[in-house]
Amino acid sequence: MKIAFHGAAQGVTGSCHLLSCAGKRILVDCGMYQGSRELVEDNANDFGFDPAGIDYLLLTHAHLDHCGRIPLLANRGFRGEIITTAASRELARLVMMDSAGLQEEEARYRNRRARRRGKAEDHQPLYTTLDTFNAMENFGRKARHGEPLQLAPGIRATFIDAGHILGSASILLELEEDGETRRVVFSGDLGLGGRPILRDPVMPPPADVVVMETTYGDRAHKELQPSVEELYDAINATVKRGGNVVIPTFALERAQEILFYLHAGKEQGILPGFLQVFLDSPMAISATEIFKRHPECYDAETADLFRAGQDPFQFRGLHFTRETAESMAINQVAGGAVIMAGSGMCTGGRVRHHLKHNLGREHSSVIFVGYAAQGTLARRIVDGARSVDIFGEEYAVRAQIHTIGGFSAHAGQAELLAWHGHTGNPAVTFLVHGERDSMAAFGSLLRNTRVEMPQLHQEFSL
Ligand SMILES: [Zn+2]
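When we follow numbering that gives the first Met the number 0, the leftmost residue of the sequence shown carries the number 0, and every step to the right adds one.
Right, dumping it as structure tokens:
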């Protein structure tokens, strides 16, 4: 039995781990590298294994950094079976299609730019929409949380609710080879308990080998409730001034979570009944529709809400604006509106148009509810720039800027430790999906296990 790490090794993106047992090769996740240009270029590199030799791909969840290289894998010869939950399959399709569209657009843009400079360059997308359709053919059995699946003789996989995004899972592999057995558990990305919509993460069973994420391995989490109150206060203050609220939003999970709180705020009379909410992102709208199709993933609170005839994704004053013309019409709304649009870091998408119209207005406000990486437009605004460049023009920042840190889909250090504690005394724990400092800090807290922080493509015998 062997395990090798072909992504998210000493970094947070590109998750891709390969397990070999009893003549079968099982991949857990096949994600995209995201971030700096160098990292993005790494996506085109050799996988470090032969895609045609993979028998099964188990997908923990539908975030791009976990599913984003699947179409490329298929393009390079993978014909195995992809197994994930029903919700993850639908979300992954949306995420991969969106990604293919962006790759194609980027290649066209670079070729056009080269032609304008009189150069003949041939930029190809990392993968195409057609590759994505082809990859979808490989999705086979659907996993259900807590129900073991037999992959091959001596190999069983159980998806365990990870409470991170809709459909997300940790995965337990029970392996048998030459009379020896091993229990290997992959955390996937772990969520936080006590969040709306999703159930809390389910603790893992005892295991011999643990592969776990360490995104927030060195940090505690901010409390959620004060963040929700901060959100309500910022919206109410803006509405009183007669301005609009722009919320740059990630399409998956965060958008639905914020909708949930806006609905609750209106129901409880904390937010004014006349408040108009625009979800101005085709991808977030599609993701919301997928959420509505998967009540099996809801926690008791959300299930009760639906049973009582309420729908946090459909309430008075909420508008889904899919068409460009509808999106542009929002510019006519002078005040009293919450406008949620992507991308979350303002690097692309419709949110830049709304910033253009509202950043210069001191009555309006911009509320950041997610992570803003170095070098992004979101980060410049968060860091207090007096003016910013949007579409090549300079816009003054006069709107109120809020950064609310308590909305996160990732477990903090204490939750990660508690999760690891349930695995008992594993012989070895591999730390992945974290920056070096975060991994080292978390690793130093683990007792009764050997800690490894694998290098890219490093292989271990189990
Ligand atoms: Zn994730």
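C-beta atoms are modelled at their ideal positions from N, C-alpha and C, and glycine is treated no differently.
Since the structure is predicted, the reported quantities are computational estimates derived from the model, not experimental observations.
Would a C-beta distance cut-off of 8 angstroms place residue i and residue j closer than the cut-off?
i: G405; j: K221; result: yes
i: H362; j: N330; result: no
i: P200; j: V184; result: no
i: S280; j: G348; result: yes
i: H456; j: H60; result: no
i: P311; j: L258; result: yes
i: D188; j: S437; result: no
i: K265; j: I154; result: no
i: M339; j: A254; result: yes
i: G433; j: V39; result: no
i: G442; j: L461; result: no
i: S167; j: S87; result: yes
i: I389; j: I366; result: no
i: V238; j: Y260; result: no
i: V245; j: V368; result: no
i: E80; j: N137; result: yes
i: Q454; j: Q149; result: no
i: G241; j: L197; result: no
i: I289; j: L90; result: yes
What residues in its chain sit with their C-beta under 7 angstroms from that of residue i, if we drop five residues either side in the sequence?
i: T127; result: A99 and E103
i: S285; result: L93
i: C20; result: M0, I154, L174 and E176
i: C345; result: P247, R351, L354, T375, L376 and A377
i: A250; result: S280, M282, A283, A286 and G341
i: P271; result: V238
i: H122; result: A106, R109 and N110
Using DSSP with H/G/I as helix, E/B as strand and the rest coil, what is residue i?
i: P281; result: helix
i: V396; result: coil
i: D54; result: coil
i: M344; result: coil
i: M202; result: coil
i: F429; result: strand
i: V210; result: strand
i: C20; result: strand
i: S437; result: helix
i: K221; result: coil
i: T180; result: strand
i: V546; result: No statement about residue 546 is possible, as the shown extent of the chain runs from 0 to 461 and does not include it.
i: T128; result: helix
i: I403; result: coil
i: Y215; result: coil
For residue i, which residues in the same chain have their Cβ closer than 6 angstroms to its Cβ, ignoring the five residues on either side in sequence?
i: T448; result: P425 and T428
i: L26; result: L17, I53 and L56
i: Q33; result: T12 and D64
i: T320; result: F277, D279 and S326
i: N74; result: Y126 and D130
Please return the same chain residues whose Cβ sits closer than 8 angstroms to the Cβ of residue i, not counting the five positions on each side in sequence.
i: W418; result: S186, L189, P200, M202, P203, M211 and A410
i: A384; result: V396
i: H293; result: A85, A86, E89, L165 and G166
i: M96; result: T128 and T131
Tell me, please, whether the CB atom of residue i is closer than 8 angstroms to any CB atom in chain B?
i: K239; result: The structure shown contains no chain B; it is built from a single protein chain.
Within 5 angstroms of ligand 1: residues by beta-carbon to any heavy atom
H62 and D188
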